[in-house]
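Remarks on the structure that follows.
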Amino acid sequence: MKPTPPDRTADRRRSSHAAFARARAVIPGGVNSPARAFGGVGGEPIFFASAQGQHLTDVDGNLYLDYIGSWGPMILGHRHPRVVAAIGKSLATGTSYGAPTEGESKLAELIIACVPSIEKVRLVSSGTEAAMSAVRLARGFTGRDVIVKFAGNYHGHVDSLLVAAGSSAATLGVPNSPGITAGTARDTVVLEYNEPEELEALFRARGGEIAAVLLEPVVGNMGLVVPSAEFLTAARDLTRRHGALLVCDEVMTGFRLALGGAQQLLGIEPDLTTLGKIVGGGLPLAAYGGRADVMDHVLPAGKVFQAGTLSGNPLAVAAGTATLEQLRDHPPYAHLERLGGRLEAGFRDAAAAAGITAWIARVGSMMTIFFQRGTSPVPVTGWRTAAASDTDRYAAFFWGMIDRGVYLPCSQYEALFISACHTEADIDRTTAAAAACLADVAKQPSTAP
Ligand SMILES: *Cc1c(COP(=O)(O)O)cnc(C)c1O
């Protein structure tokens with residue numbers, strides 16, 4: 014059971030409470046995407062009115078330091094001048110033509126220049142669409158049916174991939190949602206992340222049936238989980254040896270962990286890559302790309318169907334292009350690594366001082382503090398270890414930080430993001446808040462699993 018959050022509707026969040034009541038009457042659950050509903054921490058979502066740089070302002074006028082950045086896209090912070098100017102310029106010329114524009118080629122060239130393994134790329138409108146299209150292409154290219162994914166990895170709400178996805182229970186081949194047929198789920202095999210032996214055994218048994226192995230090269234969607242080199246090497250070698258494709262889902266990690274994404278940072282070469290979030294600069298745009306000989310199977314170059322009325326939308330292309338150009342011209346990655354390290358150390362010290370057991374995982378500007386029940390931290394390497402987290406303790410931490418003006422992920426199973434706008438002073442204010450908050454949290458009993 015979730016701890017009952019303190020009464021936060023009375024004064025400070027009165028307008029959010031009213032906004033949520035209004036939304037619930039007309040929108041299922043009051044939100045247009047479930048992660049926003051605070052289901053993982055209990056209580057009601059906060060409604061926002063505006064954002065600037067690393068800050069959010071809610072409808073009651075409360076100011077928060079933002080560690081979500083729209084779940085990843087806002088690596089430059091909110092309303093970056095270069096992005097705002099590009100959107101304005103594009104707006105003045107028209108918002109959609111349903112016909113090709115030169116801006117789409119410019120963004121494609123930029124993506125290809127940044128991401129080492131991409132030779133050709135298609136623009137779509139969401140990460141879900143990118144993943145769905147990559148799966149169809151992998152099946153069309155190989156003539157095989159089976160897709161391999163890993164428990165706790167999220168690839169959008171594609172039917173065949175909504176099996177042991179994200180924060181839901183990891184069960185072999187069982188759909189996460191009503192509405193997904195057993196037939197659809199049957200062609201998806203779910204394995205534990207970071208277990209190369211499981212992957213090897215599967216390829217030994219069914220290698221000739223596998224179209225693709227799909228993975229988050231650094232996982233952000235069960236909280237942050239770091240891959241082992243052996244696991245990534247096994248995924249690359251086995252797919253290559255058996256004629257299957259390796260698809261890296263870099264919707265979250267692309268342009269975040271390095272300009273060339275996790276694949277550049279970790280030195281892996283996938284056949285296909287999905288991109289989203291940052292590539293659209295805060296507007297709805299995503300992409301999938303990779304080997305030219307595979308991408309040339311997409312219609313009208315090839316026969317694998319994929320289309321979109323708003324694909325390559327000029328406004329989204331302008332925002333994405335400006336974002337990638339800014340990241341290329343002024344790479345924030347050293348700054349983000351420095352701030353990430355400082356925040357990690359601060360959280361570690363705060364947990365130790367409070368006597369709270371936590372596993373802290375971080376790569377660059379992505380991080381998760383996993384609350385645990387034992388006396389010493391256990392490495393989180395996959396869904397089995399992530400699922401053992403003390404989510405009630407996370408909920409208490411989340412609300413304590415909200416009360417201190419810090420907006421963290423509203424679930425144990427989501428990573429936090431630092432933006433290029435964050436400063437050392439922001440990080441120090443956050444770790445001071447965490448120290449005070451965890452001292453409070455430690456006074457509440459840790460709950461049984
Ligand atoms: C967010 C995310 C998606 C889904 O993208 P949407 O734009 O929300 O459809 C897919 N894969 C990963 C790794 C993601 O983080």
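In short: position in the sequence shown from 1, add 13, done, that's the numbering used here.
A virtual CB, placed ideally from N, CA and C, is assigned to each residue, including glycine.
Here the structure is a predicted model, which is why all the values come from computation and not from measurement.
Residue i - partner residues in DSSP beta bridges
| i | result |
| --- | --- |
| ASP79 | TYR420 |
| LYS102 | Answer is none; LYS102 lacks a bridge partner. |
| SER63 | THR70 |
| ILE135 | One detail in the question is off: residue 135 reads as Arg in this sequence, not Ile. DSSP lists TYR301 as partners of ARG135. |
| MET379 | VAL376 and PHE430 |
| LEU251 | Note: LEU251 sits in no beta bridge, so no partner. |
| LEU259 | VAL226 |
| VAL176 | PRO188 |
| HIS91 | GLY66 |
| VAL317 | VAL311 |
| VAL238 | VAL232 |
| PHE411 | For PHE411, which the question treats as bridged, DSSP gives no partner whatsoever. |
| PHE384 | ALA371 |
Delimiting residues of the alpha helix (DSSP H) encompassing residue i
| i | result |
| --- | --- |
| ASP306 | 305 to 308 |
| LYS456 | 437 to 456 |
| VAL330 | 327 to 342 |
| ILE125 | 115 to 127 |
| ARG157 | Neither: ARG157 is in no alpha helix (DSSP H) and is coded neither H nor E. |
| THR398 | 396 to 399 |
| ALA38 | 27 to 39 |
| LEU352 | 346 to 367 |
| ARG217 | 209 to 219 |
Heavy atom of ligand 1 within 7 Å of residue i beta-carbon
| i | result |
| --- | --- |
| ASN326 | no |
| THR322 | no |
| THR194 | no |
| VAL330 | no |
| GLY274 | no |
| ASN234 | yes |
| THR141 | yes |
| ASP262 | yes |
| TYR167 | yes |
| MET87 | no |
| ALA225 | no |
| MET265 | yes |
| LYS290 | yes |
| ALA299 | yes |
| GLU229 | yes |
| ALA50 | no |
| ALA151 | no |
| ALA144 | yes |
Neighbour-count burial assignment, residue i, 16 or more Cβ in a 10 Å radius
| i | result |
| --- | --- |
| ILE40 | exposed |
| ASP441 | exposed |
| PHE33 | buried |
| ASN207 | buried |
| LYS162 | buried |
| GLU5 | This structure cannot speak to residue 5, because the chain is shown only from 14 to 462. |
| HIS170 | buried |
| SER337 | With the sequence shown as reference, residue 337 is identified as Leu, and Ser is not the correct amino acid for it. The residue is buried, with at least 16 neighbouring Cβ atoms inside 10 Å. |
| THR436 | exposed |
| GLU115 | exposed |
| ALA225 | buried |
| THR322 | exposed |
| PRO327 | buried |
| LEU174 | buried |
| ALA183 | Because ALA183 sits at a pLDDT of 36, beneath the cut-off of 50, its placement in the model cannot be relied upon, and the point is left open. |
| GLN339 | buried |
| GLN457 | exposed |
Where the beta strand (DSSP E) containing residue i begins and where it ends
| i | result |
| --- | --- |
| THR287 | 285 to 288 |
| ARG375 | 371 to 376 |
| LEU270 | Element bounds for LEU270: n/a, residue is neither H nor E. |
| LEU204 | 201 to 204 |
Integer Cβ distance of residue i from residue j, believed to fall under 8 Å
| i | j | result |
| --- | --- | --- |
| ARG269 | GLY85 | 7 Å |
| TRP372 | PHE383 | 4 Å |
| ARG188 | ALA247 | Checking the displayed sequence, the identity of residue 188 turns out to be Pro instead of Arg. Actually they do not touch by this definition, with Cβ atoms about 27 Å apart. |
| LEU227 | HIS168 | 6 Å |
| HIS30 | GLN65 | No, HIS30 and GLN65 are not in contact; Cβ-Cβ is about 24 Å, not under 8 Å. |
| ASP479 | ARG386 | As displayed, the chain neither begins before 14 nor continues past 462, which places residue 479 out of reach and without an answer. |
| LEU136 | LEU298 | 6 Å |
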